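Data first, discussion second: the structure below is written as structure tokens.
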Amino acid sequence: LPPMRQRSMGGWIAAGVLGLAAVVGLLFLIPKTGLAGGGEGELIVTVAGPGQSSVAMPKVLIDGQNRCETSPCRVKDLDPGPHFVRVSAPGFKATTDLAVSVVAGEEAVLRVDMVPDAPAVADKAEKPAEDAEKAEELAKNEEQQAKEPESDSKPAEAKASATKSAAAAPRPVSASLPGTTKPAAPTGNATLRISSIPIANVVVDGRPLGSTPKIVKVSPGSHNVVFISPTGRKARSVRVGAGQTQVVAVKF
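Just so we're aligned: 213 in the numbering used here is position 213 of the sequence shown, and the numbers increase by one with no gaps anywhere.
Here is the structure:
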């Protein structure tokens, strides 16, 4: 072959070798995530309170490992497949394990809405115990006060017996037609039988009386009965006449 033709063929061969080397180099430079969907994925977790309010110091656990304490929480280099997320924060109830699927080379987003904790329930649970102690003290004081007047009431009993004997003296009887006499109205105190399921503390007209069941002597008329239990409060209004017994019962 002439020298010129040999040189041109050698140039083409060299160019082909260089092109092949360039293609191989590009294959090595292309990320693995771009081939056949392989590689790792990414997860973004957003945490919010009621009304999309911000949540301070949220703790985000992924597969049992603490990964973030901020929101949004961006976690990279996750293996493709299902992962379990749990979130907790001060003043909020911790979530259960939330399942999220991560796809290789893609970005998964998980939104977590936190539910506020209810410290008021604990306060209500403590108050009945305090009310019960106060009610027991009041009951003891009432028993002592009820016993003390017995010794002091003897002169009054003597006066009452004299009054009864005077009242027993015969009086003129006025004539009346048969069937026109009205029955005497009942007199004396009324009784309230108070019970609840389960046992609860009871307050009658603002006065703690201890835990149910209770039998209470009250004056005739309307009364307000409040039941206090660890699960809440219930109020009942009742009207009872003189000499009558009224049952007041609730179920929580």
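Cβ atoms here follow ideal geometry from the backbone N, Cα and C, with glycine treated the same way.
None of these values were measured; they are calculated from a predicted model.
Helix, strand or coil at residue i [DSSP, three-state]
i, result
"Q244", "coil"
"E106", "coil"
"P72", "coil"
"N224", "strand"
"K93", "coil"
"V17", "helix"
"G232", "strand"
"T33", "Because the pLDDT of T33 is 42, which lies under 50, any placement of that residue in the model is unreliable, and the number read from its coordinates should be weighed accordingly. In the structure shown, T33 sits in a helix (DSSP, three-state: H, G or I)."
"G51", "helix"
"A118", "coil"
"A22", "helix"
CB-CB length for residue i against residue j, believed under 8 angstroms
i, j, result
"P213", "F252", "In fact, because the Cβ distance is near 15 angstroms, the residues do not count as touching under 8 angstroms."
"L78", "L43", "6 angstroms"
Boundaries of the beta strand (DSSP E) in which residue i is found, first to last residue
i, result
"L201", "Per the sequence shown, the amino acid found at residue 201 is Asn instead of Leu. Residues N201 to V204."
"A48", "G41 to A48"
"F252", "Counting along the chain, F252 falls outside any beta strand (DSSP E), and DSSP gives it neither H nor E."
Option nearest residue i by Cα separation, candidates the options
i, options, result
"I256", "V55, C73, Q52 and M114", "Residue 256 lies beyond the residue range present for the chain, which begins at 1 and ends at 252; the question has no answer from this structure."
"G51", "V218, F227, G232 and P116", "P116"
"I194", "V247, Q144 and N201", "V247"
"G261", "P220, S196 and V218", "Outside the displayed range of the chain (1 to 252) lies residue 261, so it cannot be described from this structure."
"E137", "L209, T70, V103 and A104", "L209"
"A190", "P230, Q244 and Q144", "Q244"
"H83", "A118, G64 and E69", "G64"
Spatial neighbours of residue i in its chain, beta-carbon cut-off 8 angstroms, leaving aside the 5 residues before and after
i, result
"H223", "L192, V204, D205, S237, V238, R239 and V240"
"A89", "V47, V55, A56, M57, P58, K59 and M114"
"G81", "S101 and V102"
Neighbourhood of residue i by C-beta, 6 angstroms cutoff - its chain only, sequence neighbours within 5 removed
i, result
"E107", "E42"
"V226", "V203 and A235"
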